[in-house]
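**Q**
Residue numbers (our numbering), protein chains in the order written: chain A, 1 to 311; chain B, 1 to 300.
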């Protein structure tokens with residue numbers, strides 16, 4: 001893979017010259033006009049992408065008087081962590097004044113079970129579709145994939161009714177079910193494609209040895225597929241943590257996840273706007289997916305690309 | 001193929017039984033929620049349900065009311081503007097960044113990490129950050145003014161006629177990293193011989209990209225287009241966080257219209273009609289794509 005890349009890049013580099021000349025590495029000056037242009041453009045773009053993060057950071061470390069006087073790009077003269085403390089424990093939403101901590105723990109209580117349940121169900125679905133396809137299975141799978149493109153707004157109200165009938169509307173369990181439902185298309189696709197790519201001989205050998213559906217799943221497929229489970233986990237943790245719509249629609253205020261709590265704090269109309277507290281709260285809410293992103297690196301890319309790769 | 005292993009069983013229903021039991025959640029989701037829920041919503045959009053769904057049919061009344069509502073028309077116009085520019089800009093910026101990243105540069109991983117990190121953040125976080133950066137009193141406008149250009153005006157979030165572009169800026173910041181990643185994967189999939197051939201022929205690099213590489217990446221472009229487009233129709237959280245639809249109704253979007261009518265105005269019929277219109281919009285995007293992509297050949 002790396003060889004192809006370097007070959008192609010060399011070819012690309014040579015494209016501006018007509019005669020290839022002698023083979024082998026050409027000495028390239030680091031500061032050629034071409035390099036300056038490429039790196040210049042990339043660094044400019046990187047600065048644009050990093051700017052909001054920087055602004056959030058410096059704003060959250062300033063006191064309010066300094067914010068009113070200075071500009072948003074200047075680094076703090078006096079660093080204070082008070083906004084962070086306030087954002088976490090005592091910022092008001094209009095309903096209550098215990099800050100983001102309440103939303104944080106709600107989000108933890110929502111994200112962990114939703115991630116586990118949705119992955120457990122979707123991985124078994126994917127396994128059944130890849131190795132034990134029954135008549136009509138492809139039809140259901142097609143409906144599932146097409147359903148992934150239907151706007152949530154179309155299906156929200158019927159789900160409200162179903163959950164209400166089951167007595168789960170407004171509860172954490174209800175929200176976990178909703179996350180499982182809407183995570184299912186992408187996760188099932190992910191697992192189906194992965195299990196299909198495993199060598200079939202493995203499955204056949206286990207069948208000949210008399211292993212059944214669940215034995216093969218737990219003893220052979222599961223241990224072989226840890227990387228794809230990690231990819232699915234990254235996808236679900238960031239997705240569920242970042243959810244806002246389902247949190248508003250399907251839970252009562254005491255279960256509101258962190259994103260909803262954050263929006264209520266920042267956009268609440270009462271009181272004086274404390275921009276430093278708002279920005280500290282925003283960073284705190286973004287911290288979990290950001291940490292997942294920075295730790296997981298390439299796996300994150302693989303997870304989001306999974307949505308783009310067709311089966 | 002594996003079904004044949006069970007061919008001796010007499011009862012068709014019991015064949016592959018474990019697999020069927022294990023697939024019950026998927027079948028229920030597909031049939032009851034995705035198919036049933038969608039049909040239910042479309043069906044009830046022809047009723048005059050208010051607080052609770054009721055079966056009293058009023059024909060197309062809800063749709064007539066919808067298309068006469070100024071707020072819905074503003075929503076549709078915003079979605080069109082936002083959708084058009086967000087498609088163009090994310091494809092162009094995403095492709096240019098990917099092409100730059102494909103020049104065998106150093107620190108590729110660092111650059112990719114930087115371009116993609118906003119995608120890990122929620123729309124709520126994105127909206128609130130940009131609300132602050134674009135704040136006219138403290139943000140970009142005041143910084144430029146303090147540099148001496150005192151008449152400089154840049155207050156998209158407080159100006160009805162350009163507020164949707166303020167949202168567009170935030171959305172592009174959040175989403176272009178993903179497009180860049182998809183494009184980069186597409187570029188890496190191009191055969192190196194193409195580049196060799198174009199070098200032998202002495203074709204300039206920009207021409208190679210424009211007339212050879214991009215047409216070859218048709219599939220990647222279409223997939224990316226579908227992903228961006230279905231995201232555009234859904235845009236909701238970003239608007240709620242950044243402007244709450246304001247100033248006035250200037251930055252309303254269809255998804256917000258649906259939510260407000262279903263859960264706040266308690267006018268379910270309007271909400272159902274509006275969400276059915278969203279469904280039609282998506283169908284217009286998805287059906288031709290699905291036909292091109294999957295029609296004709298059976299997948300197995």
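All C-beta atoms in this analysis are idealised placements derived from N, C-alpha and C, irrespective of residue type, glycine included.
Just to confirm before moving on: does the CB-CB distance between residue 249 of chain A and residue 121 of chain A stay below 8 Å?
**A** no
**Q** For residue 4 of chain B and chain A, any beta-carbon pair shorter than 8 Å?
**A** Caution is warranted here: a pLDDT of 49 is assigned to residue 4 of chain B, below 50, making its placement in the model unreliable, and no coordinate value can be reported.
**Q** Residue 266 of chain A and residue 287 of chain A look like a contact to me (Cβ under 8 Å); what is the Cβ gap, rounded to whole Å?
**A** Their Cβ separation, rounded to whole angstroms, is 16 Å, which puts residue 266 of chain A and residue 287 of chain A out of contact at 8 Å.
**Q** Report the neighbours of residue 214 of chain A on chain B: residues whose CB is nearer than 9 Å to its CB, in chain order.
**A** 18, 22
**Q** Is the segment 125-137 of chain B touching the segment 158-171 of chain B, taking contact as three or more C-beta pairs under 8 Å?
**A** Yes: at least three Cβ pairs fall under 8 Å.
**Q** Looking only at its chain, what residues have a beta carbon closer than 7 Å to the beta carbon of residue 107 of chain A, apart from the 5 residues adjacent to it on each side?
**A** 241, 257, 258
**Q** Taking any Cβ of chain B, which residues in the segment 109-141 of chain A have a Cβ under 7 Å from it, in chain order?
**A** Residues 121, 124, 125, 128, 131, 132, 133, 134, 137, 140.
**Q** Would residue 80 of chain A pass as an interface residue toward chain B - the criterion being a Cβ-Cβ separation below 8 Å?
**A** Not one chain B Cβ lies under 8 Å of residue 80 of chain A.
**Q** Can you name the start and end residues of the alpha helix (DSSP H) that residue 218 of chain B belongs to?
**A** 218-234
**Q** Pick out the complete alpha helix (DSSP H) segments inside the segment 109-159 of chain B, 4 residues or longer, and give them in chain order.
**A** 123-133, 140-146
**Q** At the level of alpha carbons, what is the spacing between residue 147 of chain A and residue 45 of chain B?
**A** Approximately 19 Å between the Cα atoms of the pair.
**Q** Report yes if the C-beta of residue 197 of chain B is less than 7 Å from at least one heavy atom of the ligand GDP; otherwise report no.
**A** Here there are no bound small molecules, and the ligand GDP is not part of this structure.
**Q** Helix, strand or coil for residue 47 of chain B? Go by DSSP, reduced to three states.
**A** strand
**Q** Going along the chain, which residues of the segment 25-38 of chain B sit with their C-beta nearer than 8 Å to a C-beta in chain A?
**A** 25, 26, 27, 29, 30, 31, 32, 33, 34, 35, 36, 37, 38
**Q** I want to verify the contact list: residues of chain A whose CB lies under 8 Å from the CB of residue 114 of chain B, in sequence order.
**A** Taking a Cβ-Cβ cut-off of 8 Å, the neighbours of residue 114 of chain B in chain A comprise 46, 49, 50, given in sequence order.
**Q** According to DSSP, is residue 111 of chain A part of a helix, a strand, or is it coil?
**A** helix
**Q** Please say whether residue 69 of chain B and residue 209 of chain B have beta carbons closer to each other than 8 Å?
**A** no
**Q** DSSP beta-bridge partners for residue 170 of chain A?
**A** A:251
**Q** What is the rounded straight-line gap between the Cα of residue 239 of chain A and the Cα of residue 126 of chain B?
**A** C-alpha of residue 239 of chain A to C-alpha of residue 126 of chain B: approximately 14 Å in a straight line.
**Q** Cα separation between residue 290 of chain A and residue 297 of chain A?
**A** 10 Å
**Q** Does the CB of residue 58 of chain A have a neighbour CB from chain B at under 8 Å?
**A** no
**Q** Grab me the residues of residue 8 of chain A's own chain with a C-beta within less than 6 Å of its C-beta, minus the 5 sequence neighbours each way, in chain order.
**A** Here the model assigns residue 8 of chain A a pLDDT of 49, short of 50, so the residue's position is not dependable, and the following value carries that caveat. Nothing listed; no residue qualifies.
**Q** Relative to the C-alpha of residue 140 of chain A, which residue among B:277, B:14, B:20 is closest?
**A** B:20
**Q** If you follow the alpha helix (DSSP H) that residue 265 of chain A is part of, which residue opens it and which one closes it?
**A** 258-266
**Q** Under 8 Å, Cβ to Cβ, is there at least one residue of chain B near residue 236 of chain A?
**A** Cβ-Cβ to chain B under 8 Å: no for residue 236 of chain A.
**Q** Can you give me the C-alpha to C-alpha distance between residue 143 of chain A and residue 31 of chain B, rounded to a whole angstrom?
**A** 8 Å
**Q** Thinking residue 270 of chain A and residue 119 of chain A are a contact (beta carbons under 8 Å), I'd like their distance in whole angstroms, please.
**A** 41 Å between Cβ atoms; not a contact.
**Q** Could you tell me which of A:51, A:189, A:153, A:196 sits nearest to residue 178 of chain A, measuring between CA atoms?
**A** For residue 178 of chain A, the nearest C-alpha among the options comes from A:153.
**Q** Distance cutoff 8 Å, beta carbons only. Does residue 165 of chain B sit that close to anything in chain A?
**A** no
**Q** Quick one: which residues of the segment 39-53 of chain B get their C-beta closer than 7 Å to a C-beta of chain A? List them in chain order.
**A** Those residues of the segment 39-53 of chain B placed with their C-beta closer than 7 Å to a C-beta in chain A are 40, 41, ordered along the chain.
**Q** Against residue 146 of chain B, what residues of chain A qualify as contacts under a CB-to-CB distance less than 7 Å, listed in chain order?
**A** Listed along chain A are 71, each with a C-beta nearer than 7 Å to that of residue 146 of chain B.
**Q** Is the beta carbon of residue 97 of chain B closer than 8 Å to that of residue 45 of chain A?
**A** yes
**Q** Determine, for residue 36 of chain A, whether the minimum Cβ-Cβ distance to residues of chain B falls below 8 Å.
**A** For residue 36 of chain A, the answer is no, since every Cβ of chain B falls outside 8 Å of its Cβ.
**Q** When the Cα atoms are used, what is the spatial distance from residue 17 of chain B to residue 137 of chain A?
**A** 12 Å
**Q** Can you give me, in chain order, the residues of the segment 84-113 of chain B that have a beta carbon less than 9 Å from any beta carbon in chain A?
**A** 93, 96, 97, 100, 101, 102, 103, 104, 105, 106, 107, 109, 110, 111, 112, 113
**Q** When you compare the CB positions of residue 121 of chain B and residue 174 of chain B, do they come within less than 8 Å of one another, or not?
**A** yes
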